[in-house]
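For the sequence shown, the working numbering gives the first residue as 4, with consecutive numbering after it.
Backbone N, C-alpha and C define an ideal beta-carbon position, used for all residues, glycine too.
Computed from a predicted structure; not experimentally measured.
Working notes for the structure below.
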Amino acid sequence: MVSSSKKQLEKILIETGAITKEALEKAQEEQCSKGGHLGEILIKGGFITQDDLLAVLSKTFNILPLNLSRINIDPKISQLIPEKAARHYRVIPISKVDEVLTVVISDPLNILAIEHVRQMTGCEVRAVITSDSDLNETLDKCYSDSGLVEDLLKDIRESDLEFKKEEDDVDTAQIMAETQEAPVIKLVNFIVIQAIKERASDIHLEAYENAVRVRYRIDGVLHEKHSFPKRMYPAIVSRIKIISELDIAERRLPQDGRFKIRIGERGVDFRVNVLPGSFGEKVTIRILDSSSLPRELQELGFDEDSLKKFQEGILHPYGIILVTGPTGSGKTTTLYSALRQINIPDRQIITVEDPVEYSLMGINQIHIRPEIGLTFPAALRAILRADPDVVMVGEIRDKETAEISVKAALSGHLTFSTLHTNDSVGAISRLIDMGIEPFLISSSLVMVVAQRLARKICGQCKEMFKVPQDALKDIGLKSEIPTDVLYRGRGCKACNNTGYRGRVAVVEVLNVNDEIKELIMKRADSNQIKKVAAASGMETLRDNALRKVLAGITTIEEVMRITADF
């Protein structure tokens, strides 16, 4: 490697035939006038591809190439080299085994960088090579937030914070003073604002024996973002409790609260849940950004056929429409979008929710409060005396709520609600298990929509790839996919190197027609009802998801993740 390093990059590229002399001269002219790395200029100018340049350098210097977008770098490893040095020498540590540190570089000619890393860390250094663009993105990913967090931590002195034992009395005055310190306020603000910027739906703050970690749920998947010393955690939790109007002295019982911030012209609501834990309270913050709510049903990602069926269903004058799926599958968002679609001045719409997540203009929303007797059944009974046209029940959890919902539907009200079932047909079995008579279900049920959310392929790094037929055969999808060319996300800065950005609804729409009503009356099992529904044109969750794979919207991996039970 040392002898090869004496060669200049341009000589290597010419000698290997990777580029022409004319292309090199043009790139050198641009480098002289605008500056920059020669390799990047050649790639941007179309004189050589990124993969070809990487292959030439890898072969010349006998260094393994690496696609950084496909690996997750442990933050503890990346911090072995300070950000300033990593950016100056353009090198990132990615693993450490015993005293051997593996680093990734984009310029194998930079022998000085390797030597400085060896002196800085005291380790034997092993280098692998990557492209300039991948290196730049990974530098930002590894170091973009660390400097700010470290600066904030420096401002908090260990003597300023005292970690109290669970049985100790809490000095409320002292906690209030600690939480008003500028570093604590800045750190909480940073965690919240950064989550909004990264389109997170939830923030998780979790205490362990010696450290605290912060994770964001982005597009349905948790990503670890920050960690900090345990000593400062009580002040951070207390700061969150104060802005959420919770009891900062209570650490033994769960608590729920809310707060709101304004960013420019839009307001963002946050729902806070605090749970007692072995090493300190766990804080979960749900981000409720009304600006991210779909304004129209088309924005949910329903395909044309499913959307048409759903739109026809919500125009029924009465009956029950259910949306089913696990927590976090977008059920409430779908119901809100449906209510917006039918929200007109001559229609009275009332909802009862736990809690009210978003405020909808023109719709009367009730937040249940079981501690004072305002439960789902109690609120529903009161609503039916308020002359509604449309009722939405946040969730049918018990027999009493189900019975009142059915009675509301049979008395001329259009009723929306949710259930936790795996598929659309499972909602029928669930209602029967609750004790609802089949003849009442067949008379009131109009439609059931089973829903999941699949991550969408990132539009900025989307690429085609050929699927090995053996791989399709192994997962049993060969006959279902008529092509061996599909799409995936390569991973880039825009999608946090995941290859996914945003989510799309995967749905199964069950129209309760006369044939299915007859099967319900006969207490037919779910498999029989599902076969009849499929024969009537119902597309299953798996089939709907595969349709989105073929359209280049999502990937087979996502299909297997969200429809594993089907």
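Same chain, Cβ closer than 7 Å to residue i, five either side skipped, listed in chain order
i    : result
K10  : Bear in mind that the predicted position of K10 carries a pLDDT of just 46, short of 50, making it unreliable; the figure below should be weighed with that in mind. The answer is none, since no qualifying residue turns up.
D55  : A21
L513 : S427, V428, M450, V451, A536, M541
E161 : Low per-residue confidence applies at E161: pLDDT is 41, beneath 50, and the placement is therefore not dependable enough to give any value.
L310 : L300, Q301
A89  : I95, L142, Y146
I178 : Note that I178 scores a pLDDT of 47, beneath 50, so its modelled location is shaky and nothing firm can be said.
S432 : S529
S445 : K520, I523, M524
I386 : I353, V355, V394
P320 : L417
Sheet register partners of residue i (DSSP bridge)
i    : result
L448 : I323
F193 : In DSSP, F193 forms no bridge with anything.
E284 : Note: E284 sits in no beta bridge, so no partner.
R506 : R458
R216 : E209, S230
T418 : I323, V394
N514 : M450
H119 : H119 pairs with nothing; no bridge assigned.
D426 : For D426, which the question treats as bridged, DSSP gives no partner whatsoever.
L291 : D272
Q368 : T354
I95  : V107
R129 : T105
I221 : A203, V224
V68  : Note that residue 68 is Pro in the sequence shown here, rather than Val. I132, per the DSSP bridge assignment.
Cβ-Cβ separation, residue j to residue i (assumed contact under 8 Å), whole Å
i    : j    : result
K228 : V217 : 5 Å
P111 : L104 : About 17 Å; that fails the 8 Å criterion.
R458 : D143 : The pair is not a contact, with the Cβ atoms about 22 Å apart (cut-off 8 Å).
S230 : V215 : 6 Å
A238 : V187 : 5 Å
K469 : V488 : 6 Å
L377 : Y339 : 21 Å between Cβ atoms; not a contact.
G494 : I460 : The pair is not a contact, with the Cβ atoms about 11 Å apart (cut-off 8 Å).
I76  : V120 : The Cβ separation is near 15 Å, so there is no contact.
R506 : C498 : Wrong, their Cβ atoms sit about 12 Å apart, outside the cutoff.
Option nearest residue i by Cα separation, candidates the options
i    : options                : result
S247 : V191, E209, L225, A385 : V191
I196 : P348, D272, Q301       : D272
L300 : L256, R343, V359       : R343
N70  : C35, V100, T133        : T133
P571 : R242, V275, R289       : Outside the modelled stretch of the chain, which goes from 4 to 569, sits residue 571, for which no answer is possible.
R289 : K402, I556, I194, L383 : I194
I51  : S36, P85, E13, E86     : E13
V509 : D306, Y219, I243, F442 : D306
G262 : I243, F442, T335       : Before going on, a small fix: residue 262 reads as Phe here, not Gly. The option with the nearest alpha carbon to F262 is I243.
A116 : N213, H91, Y490        : H91
L57  : S109, E28, E18         : S109
G283 : L296, L208, T337       : L208
E374 : D357, I366, G462       : D357
L278 : G376, T378, I266, D259 : D259
D349 : V396, D390, L383       : D390
I399 : R388, D436, G365, D392 : D436
V128 : K99, H370, K62         : K99
First and last residue of the uninterrupted beta strand (DSSP E) at residue i
i    : result
T105 : 103–108
S134 : No beta strand (DSSP E) holds S134; DSSP gives it neither H nor E.
T264 : The residue asked about is misnamed: residue 264 is Ile in this sequence, not Thr. 258–266 is the span of the beta strand (DSSP E), which, as asked, contains I264.
K465 : 465–469
Other residues of its chain near residue i: CB distance less than 6 Å, five sequence neighbours each side excluded
i    : result
T327 : L422, T424, A430, A453
M563 : none
V173 : Bear in mind that the predicted position of V173 carries a pLDDT of just 45, short of 50, making it too unreliable to give a figure here.
K551 : T557
D292 : V271
G555 : Y490
L443 : V409
Residue i, enclosing alpha helix (DSSP H) - first and last residue
i    : result
Y92  : 86–92
I245 : 236–246
T336 : 334–345
E561 : 559–565
R545 : 544–553
V488 : Not the alpha helix (DSSP H): V488 falls in the beta strand (DSSP E), residues 488–492.
L310 : 307–316
Sequence-distant residues of the same chain with beta carbon closer than 8 Å to residue i, five excluded per side
i    : result
I439 : K402, A405, E406, V409
L522 : Q531, I532, V535
I74  : I97
T175 : Low local confidence applies: a pLDDT of 48 at T175 is under 50, so the model's placement there is unreliable, and no value is given.
G48  : A26, K29, A30, E33
A341 : L300, F313, I317, I324, F419
S539 : N514, N516, E518, I519
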